[in-house]
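Q: Pasting a structure here, questions to come.
2 protein chains.
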Amino acid sequence: MTDLENGQRGVKQESLDPENWGEMRALGHRMVDDAINYLETVAERPVWQPMPDQLGKEFESAMPTEPMPADEVYDEFLKNIFPYPMGNTHPRFWAWYMGNGTILGALADFLSATMNSNLGAGNHVANLVETQVVNWMKEIVGFPAEASGLLVGGASMANLVGLTVARNTQAGFDVRAQGLQAGQSKLLVYASTEIHACNQKAVELLGLGTDSLRRIPVNDNYQIDMTALASALEKDRKAGLQPICVIATAGTVNTGAIDPLNDIADFCQREGLWFHVDGAIGAVATLVDGLKDQLAGMSRADSIALDLHKWMHVPFEAGCALVRDRQGHRDSFSVTPAYLTQEVRGLSAGREWFSDYGVELSRSFRALKVWMSLKEHGTARYGRMMTRNIEQAKYLAELVSVEPNLQLMAPVGLDIVCFRYQPLDSTKPGLDESDLESLNKEILFRLQEEGTAAPSYTTLKGKYCLRVAIANHRSQQADFDLLISEIKRLGKSLTV
Amino acid sequence: MTDLENGQRGVKQESLDPENWGEMRALGHRMVDDAINYLETVAERPVWQPMPDQLGKEFESAMPTEPMPADEVYDEFLKNIFPYPMGNTHPRFWAWYMGNGTILGALADFLSATMNSNLGAGNHVANLVETQVVNWMKEIVGFPAEASGLLVGGASMANLVGLTVARNTQAGFDVRAQGLQAGQSKLLVYASTEIHACNQKAVELLGLGTDSLRRIPVNDNYQIDMTALASALEKDRKAGLQPICVIATAGTVNTGAIDPLNDIADFCQREGLWFHVDGAIGAVATLVDGLKDQLAGMSRADSIALDLHKWMHVPFEAGCALVRDRQGHRDSFSVTPAYLTQEVRGLSAGREWFSDYGVELSRSFRALKVWMSLKEHGTARYGRMMTRNIEQAKYLAELVSVEPNLQLMAPVGLDIVCFRYQPLDSTKPGLDESDLESLNKEILFRLQEEGTAAPSYTTLKGKYCLRVAIANHRSQQADFDLLISEIKRLGKSLTV
Numbered sequence: 008m009t010d011l012e013n014g015q016r017g018v019k020q021e022s023l024d025p026e027n028w029g030e031m032r033a034l035g036h037r038m039v040d041d042a043i044n045y046l047e048t049v050a051e052r053p054v055w056q057p058m059p060d061q062l063g064k065e066f067e068s069a070m071p072t073e074p075m076p077a078d079e080v081y082d083e084f085l086k087n088i089f090p091y092p093m094g095n096t097h098p099r100f101w102a103w104y105m106g107n108g109t110i111l112g113a114l115a116d117f118l119s120a121t122m123n124s125n126l127g128a129g130n131h132v133a134n135l136v137e138t139q140v141v142n143w144m145k146e147i148v149g150f151p152a153e154a155s156g157l158l159v160g161g162a163s164m165a166n167l168v169g170l171t172v173a174r175n176t177q178a179g180f181d182v183r184a185q186g187l188q189a190g191q192s193k194l195l196v197y198a199s200t201e202i203h204a205c206n207q208k209a210v211e212l213l214g215l216g217t218d219s220l221r222r223i224p225v226n227d228n229y230q231i232d233m234t235a236l237a238s239a240l241e242k243d244r245k246a247g248l249q250p251i252c253v254i255a256t257a258g259t260v261n262t263g264a265i266d267p268l269n270d271i272a273d274f275c276q277r278e279g280l281w282f283h284v285d286g287a288i289g290a291v292a293t294l295v296d297g298l299k300d301q302l303a304g305m306s307r308a309d310s311i312a313l314d315l316h317k318w319m320h321v322p323f324e325a326g327c328a329l330v331r332d333r334q335g336h337r338d339s340f341s342v343t344p345a346y347l348t349q350e351v352r353g354l355s356a357g358r359e360w361f362s363d364y365g366v367e368l369s370r371s372f373r374a375l376k377v378w379m380s381l382k383e384h385g386t387a388r389y390g391r392m393m394t395r396n397i398e399q400a401k402y403l404a405e406l407v408s409v410e411p412n413l414q415l416m417a418p419v420g421l422d423i424v425c426f427r428y429q430p431l432d433s434t435k436p437g438l439d440e441s442d443l444e445s446l447n448k449e450i451l452f453r454l455q456e457e458g459t460a461a462p463s464y465t466t467l468k469g470k471y472c473l474r475v476a477i478a479n480h481r482s483q484q485a486d487f488d489l490l491i492s493e494i495k496r497l498g499k500s501l502t503v
Numbered sequence: 008m009t010d011l012e013n014g015q016r017g018v019k020q021e022s023l024d025p026e027n028w029g030e031m032r033a034l035g036h037r038m039v040d041d042a043i044n045y046l047e048t049v050a051e052r053p054v055w056q057p058m059p060d061q062l063g064k065e066f067e068s069a070m071p072t073e074p075m076p077a078d079e080v081y082d083e084f085l086k087n088i089f090p091y092p093m094g095n096t097h098p099r100f101w102a103w104y105m106g107n108g109t110i111l112g113a114l115a116d117f118l119s120a121t122m123n124s125n126l127g128a129g130n131h132v133a134n135l136v137e138t139q140v141v142n143w144m145k146e147i148v149g150f151p152a153e154a155s156g157l158l159v160g161g162a163s164m165a166n167l168v169g170l171t172v173a174r175n176t177q178a179g180f181d182v183r184a185q186g187l188q189a190g191q192s193k194l195l196v197y198a199s200t201e202i203h204a205c206n207q208k209a210v211e212l213l214g215l216g217t218d219s220l221r222r223i224p225v226n227d228n229y230q231i232d233m234t235a236l237a238s239a240l241e242k243d244r245k246a247g248l249q250p251i252c253v254i255a256t257a258g259t260v261n262t263g264a265i266d267p268l269n270d271i272a273d274f275c276q277r278e279g280l281w282f283h284v285d286g287a288i289g290a291v292a293t294l295v296d297g298l299k300d301q302l303a304g305m306s307r308a309d310s311i312a313l314d315l316h317k318w319m320h321v322p323f324e325a326g327c328a329l330v331r332d333r334q335g336h337r338d339s340f341s342v343t344p345a346y347l348t349q350e351v352r353g354l355s356a357g358r359e360w361f362s363d364y365g366v367e368l369s370r371s372f373r374a375l376k377v378w379m380s381l382k383e384h385g386t387a388r389y390g391r392m393m394t395r396n397i398e399q400a401k402y403l404a405e406l407v408s409v410e411p412n413l414q415l416m417a418p419v420g421l422d423i424v425c426f427r428y429q430p431l432d433s434t435k436p437g438l439d440e441s442d443l444e445s446l447n448k449e450i451l452f453r454l455q456e457e458g459t460a461a462p463s464y465t466t467l468k469g470k471y472c473l474r475v476a477i478a479n480h481r482s483q484q485a486d487f488d489l490l491i492s493e494i495k496r497l498g499k500s501l502t503v
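Line order of the protein sequences matches chains A and B. When we follow this note's numbering, the leftmost residue of the first sequence carries the number 8, and every step to the right adds one. When we follow this note's numbering, the leftmost residue of the second sequence carries the number 8, and every step to the right adds one.
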């Protein structure tokens with residue numbers, strides 16, 4: 008008798024379900040305990056540690072053909088994976104621009120994966136949750152209720168969504184149907200030199216070409232130079248090219264600068280251009296009282312990209328794309344094959360499917376972790392956490408400014424501080440830019456390798472510097488005191 | 008004294024961590040218990056149920072400003088969200104093409120979100136896990152070890168990645184830098200009329216235009232007609248257009264057809280075209296002994312898209328893009344801004360960053376659920392599960408074929424069965440195509456609304472039909488007996 012013939016419900020058949028649910032339950036409880044312990048004690052561990060050389064060998068085996076008990080798989084995880092995270096759960100992780108995550112956010116991902124609902128289509132509650140979350144995001148940026156939007160993996164995708172609609176609605180011909188080669192003139196997108204690289208990727212993907220992304224110089228505050236923008240536009244138009252869009256940045260990745268959003272909104276309105284805001288870092292900072300005015304111009308944008316897995320600390324991945332023109336948005340992405348047509352009743356009912364507004368058809372229930380997190384904390388607490396990070400950035404900049412051997416390398420934007428160790432006598436011929444780069448790089452490596460702290464680095468106006476991006480709800484004042492004292496100690500020991 | 012001034016580590020400060028870890032631990036245990044109960048008893052519940060009308064109101068409130076205790080947030084989840092899933096965890100869910108998920112896969116998502124590592128960059132173990140998982144995927148499709156790849160949200164993205172590399176390497180000019188408008192002739196992509204809609208989206212996003220996607224007719228088995236393909240190519244070339252790529256489908260979404268992969272590989276080789284395989288449904292079916300030969304041509308592809316959240320039952324989202332030409336792949340996506348340059352030591356070390364091979368910079372640790380799932384089950388069990396689904400499809404087709412009032416509408420491809428209820432006397436003038444569509448639609452609504460089963464539907468050669476896609480490790484023979492008996496009952500009651 009084959010397995011199939013034996014298949015009366017109730018007769019135990021092989022499946023991917025556990026043979027023993029009780030054992031899986033016990034394993035799940037162990038995981039919760041281990042995860043709670045892990046997060047509760049994170050500050051006691053090094054922020055990061057290098058992997059042992061031999062660890063790589065543990066991940067070289069061929070695809071397993073035979074089963075392994077789930078608890079043994081978990082033991083492998085505990086031994087070889089859990090001890091070597093990126094480190095961004097730690098209070099002294101300030102590299103790139105990450106969030107910490109939260110325990111409820113992680114548990115929400117578990118619940119979401121348990122339900123395993125697909126938000127590409129269908130008539131089920133997850134779509135209501137995502138709709139509500141997207142509505143909350145509109146509130147955050149001051150967008151009207153009738154605007155459209157969807158959650159995506161992150162701002163790379165959110166920027167791509169916004170720029171796709173910009174291209175398709177501004178080209179003046181049917182790009183979607185005919186392709187770019189049907190156009191008469193090159194379509195151009197403008198942004199400052201401080202724009203995030205994912206926008207370049209988006210412009211390239213869309214077939215516009217890197218050289219159609221005009222990089223406008225910035226002022227001393229790393230904001231786009233409006234005069235230079237106007238000149239570039241005029242010159243390009245005279246050359247017969249076709250400007251379609253300006254990308255403003257609310258919180259640049261290098262220094263946290265916020266472009267003059269209202270000025271850009273005025274400019275785009277006057278010139279008939281699409282106004283896109285890359286708010287991956289700073290869009291959610293409208294929750295900070297002191298920043299509301301500076302970010303108000305965002306509400307005039309045609310499209311906005313923002314991230315929830317950065318300053319809102321939702322676990323990866325969680326970003327959001329918002330578009331003012333719902334129809335233009337839908338017209339850029341909706342495709343309805345026969346097997347996906349919408350019905351008025353049953354599982355396939357539903358007025359709006361999120362897959363009609365983005366790239367991906369199968370979509371996870373990432374809305375749940377955003378929904379649970381925002382309910383758990385409320386926006387006032389998020390505002391306080393961000394405000395504290397901004398105060399911490401100012402505090403750190405003060406520590407830097409009073410220390411003769413440290414040099415602030417840019418104005419502090421939002422929660423990002425760029426500085427470097429530069430010994431007082433560094434003007435002597437023996438210590439040039441290249442030496443300073445080596446010195447600061449070595450300081451950075453040591454900080455990370457010793458597990459003390461994890462800043463990252465960037466290059467500003469040709470000068471290498473340490474970069475501390477404080478999107479961290481666990482950082483405390485003492486963490487910055489420690490950072491500075493360690494940098495001083497390392498800097499001194501490396502320059503004797 | 009401000010919160011900041013009070014910030015010595017050890018002094019309790021507000022954060023997004025729970026005030027009481029013990030309470031959160033208890034809540035986590037409750038969630039594990041509830042999730043286990045949910046999955047263990049899934050067969051006892053309706054496959055799907057409509058949401059009560061008033062449920063929508065629960066998701067209309069404005070963004071919360073004040074905190075809510077985590078257990079109250081969870082209670083809202085239990086009351087308003089958990090009871091209304093899409094339904095694809097159920098043994099009688101066969102709509103569209105979904106996986107069921109598994110409990111260990113869901114727990115893995117929890118562990119992944121707890122670590123919260125970002126696989127866009129950095130020197131940490133998650134990248135080794137993803138590398139190993141991608142290597143396993145190369146084994147599955149017969150790709151060489153030196154091929155490149157990355158996990159993505161799903162096949163929509165995986166197809167976009169493959170087609171981006173196709174465009175950039177085949178255009179004959181530097182599309183990435185100059186944009187498509189620099190090209191002399193229209194770039195064309197070929198596929199069958201049965202191609203998945205996400206490929207159209209990709210072609211449109213890439214700026215090629217819908218009309219550059221040539222849809223070639225299929226034969227009676229819903230496979231691409233190679234003669235028609237050759238003619239179309241010749242005609243387009245004569246017209247001065249520039250063919251660059253053929254997309255083959257390994258498992259079409261309507262009927263599960265597998266295009267003649269070796270023939271297409273030969274054709275692409277002869278004609279100098281990029282050979283892309285959309286294997287969202289069928290690529291992993293190389294684990295089924297009886298399908299190895301039919302899928303062997305896939306190993307000759309230039310790029311392949313596959314999904315792990317379908318027939319491999321990893322929770323959403325999990326797809327994979329593979330590209331034979333690693334350098335061409337990297338050259339299509341790599342952008343390295345100053346703040347992301349790679350180092351030889353510390354957190355920023357690492358030879359390869361996955362963000363250099365795809366659209367997204369921030370990337371979740373979705374590799375973990377794939378890694379744990381493949382270890383837990385091994386490929387042999389996956390092969391048995393798929394084989395059983397294929398046998399179930401044949402069994403269902405037999406049930407249909409012996410029933411006079413049911414009509415099989417297409418050859419059974421893989422695990423997909425398309426059929427409809429057509430009463431014996433339906434040739435009478437009173438029951439035309441439109442009536443048959445209404446009748447079958449009503450049968451489908453009732454099946455779903457009564458919670459019995461969730462097939463979906465499609466239209467084949469202008470005829471509406473029920474579509475049963477059995478990517479389900481929980482389905483048993485009795486489930487198909489029930490489906491047929493219910494369809495007969497409903498059909499009869501609706502046609503008296």
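Positions of the beta carbon are idealized from the N, C-alpha and C atoms, including for glycine.
Check the DSSP bridge columns for residue 470 of chain B and list the partner residues they point to.
A: B:467.
Q: For the beta strand (DSSP E) containing residue 404 of chain A, list its first residue and its last residue.
A: Taken as a continuous stretch (DSSP letters only), residue 404 of chain A belongs to no beta strand (DSSP E), being part of the alpha helix (DSSP H) at 374-408.
Q: Would you mind telling me which residues of chain B sit closer than 7 Å to residue 3 of chain A, beta carbon to beta carbon, in chain order?
A: The requested residue 3 of chain A does not occur in the structure, where chain A is confined to residues 8 to 503.
Q: Consult DSSP for residue 88 of chain A and reduce its assignment to one of helix, strand or coil.
A: Correct three-state label for residue 88 of chain A: coil.
Q: Using a Cβ cut-off of 8 Å (strictly closer), state whether residue 275 of chain A contacts chain B.
A: No, residue 275 of chain A lies away from the interface with chain B (no Cβ there is under 8 Å from its Cβ).
Q: Identify which residue in A:55, A:300, A:182 and A:453 has its Cα closest to the Cα of residue 124 of chain B.
A: Of the listed residues, the one whose Cα sits closest to residue 124 of chain B is A:55.
Q: Of all the residues that make up the region 387-408 of chain B, which are near chain A by a beta-carbon distance shorter than 7 Å?
A: The region 387-408 of chain B vs chain A, Cβ under 7 Å: 387, 388, 391, 392, 395, 398, 399 and 402.
Q: For residue 318 of chain A, which of helix, strand or coil comes out of DSSP?
A: DSSP places residue 318 of chain A in coil when its eight states are reduced to three.
Q: Can you name the residues that DSSP bridges to residue 256 of chain A?
A: Looking at the DSSP assignment, residue 256 of chain A forms a beta bridge with A:285.
Q: Does the beta carbon of residue 281 of chain A come closer than 8 Å to any beta carbon on chain B?
A: False, the Cβ-Cβ gap to chain B never drops below 8 Å.
Q: Using the beta-carbon count (16 or more within 10 Å), is residue 59 of chain A buried or exposed?
A: The residue in question, residue 59 of chain A, is exposed, as its Cβ has fewer than 16 Cβ neighbours within 10 Å.
Q: Check whether the Cβ of residue 61 of chain B lies closer than 8 Å to any Cβ atom in chain A.
A: So no, residue 61 of chain B is outside the interface.
Q: Does the Cβ-Cβ distance between residue 317 of chain A and residue 93 of chain A come in under 8 Å?
A: Against a cut-off of 8 Å, the Cβ pair of residue 93 of chain A and residue 317 of chain A comes out as no contact.
Q: Is the beta carbon of residue 265 of chain B closer than 8 Å to that of residue 258 of chain B?
A: The answer is yes: Cβ separation under 8 Å.
Q: What whole-angstrom Cβ distance do residue 144 of chain B and residue 327 of chain B have, given they're in contact under 8 Å?
A: Indeed, because the Cβ distance is near 5 Å, the residues count as touching under 8 Å.
Q: For a test of the three-state rule: what should DSSP assign to residue 350 of chain B, helix, strand or coil?
A: Reduced to three states, the DSSP call for residue 350 of chain B is strand.
Q: Is residue 256 of chain A close to chain B? Criterion is C-beta to C-beta, closer than 8 Å.
A: So, not an interface residue.
Q: Return helix, strand or coil for residue 197 of chain A, following the three-state DSSP convention.
A: Residue state, collapsed to three classes: strand.
Q: Could you please give me the residues that DSSP links to residue 249 of chain B through a beta bridge?
A: B:194.
Q: Scan the region 315-338 of chain B for residues whose Cβ lies nearer than 7 Å to a Cβ of chain A and list them as they occur along the chain.
A: Going along the region 315-338 of chain B in chain order, one finds 316, 320, 322, 323 and 324 with a Cβ nearer than 7 Å to chain A.
Q: Beta-carbon of residue 165 of chain A versus every beta-carbon of chain B: anything under 8 Å?
A: Taking Cβ atoms only, chain B never reaches closer than 8 Å to residue 165 of chain A, which makes this a no.
Q: Buried or exposed: where does residue 137 of chain B fall if 16 or more other Cβ atoms within 10 Å of its Cβ makes it buried?
A: Per the 10 Å Cβ criterion, buried.
Q: So which of A:295, A:334, A:117 and A:41 has the shortest CA-CA distance to residue 309 of chain A?
A: Among A:295, A:334, A:117 and A:41, the Cα nearest to that of residue 309 of chain A is on A:334.
Q: Where residue 459 of chain B and residue 490 of chain B are concerned, what is the direct C-alpha to C-alpha distance, given to the nearest angstrom?
A: Going from the Cα of residue 459 of chain B to the Cα of residue 490 of chain B covers about 8 Å.
Q: What does residue 265 of chain A pair with, by DSSP beta-bridge criteria?
A: The partner list for residue 265 of chain A (beta bridge, DSSP) reads A:257.
Q: Is DSSP giving residue 101 of chain B helix, strand or coil here?
A: Strand.
Q: Taking Cβ positions, are residue 374 of chain B and residue 133 of chain B nearer each other than 8 Å?
A: Result yes, Cβ atoms of residue 374 of chain B and residue 133 of chain B sit closer than 8 Å.
Q: Return the residues of the region 173-189 of chain B that lie within a Cβ-Cβ distance of less than 9 Å from chain A, sorted by chain order.
A: Cβ contacts with chain A come from 174, 175, 181, 182, 183, 184, 185, 186, 187, 188 and 189.
Q: Where do the ends of the alpha helix (DSSP H) carrying residue 455 of chain A lie?
A: Per DSSP, residue 455 of chain A belongs to the alpha helix (DSSP H) from 440-456.
Q: Could you please tell me which residues of the region 106-123 of chain B, in chain order, have their CB closer than 9 Å to any CB of chain A?
A: Answer in chain order: 106, 107, 108, 109, 110, 111, 112, 113, 114, 115, 116, 117, 118, 119, 120, 121, 122 and 123.
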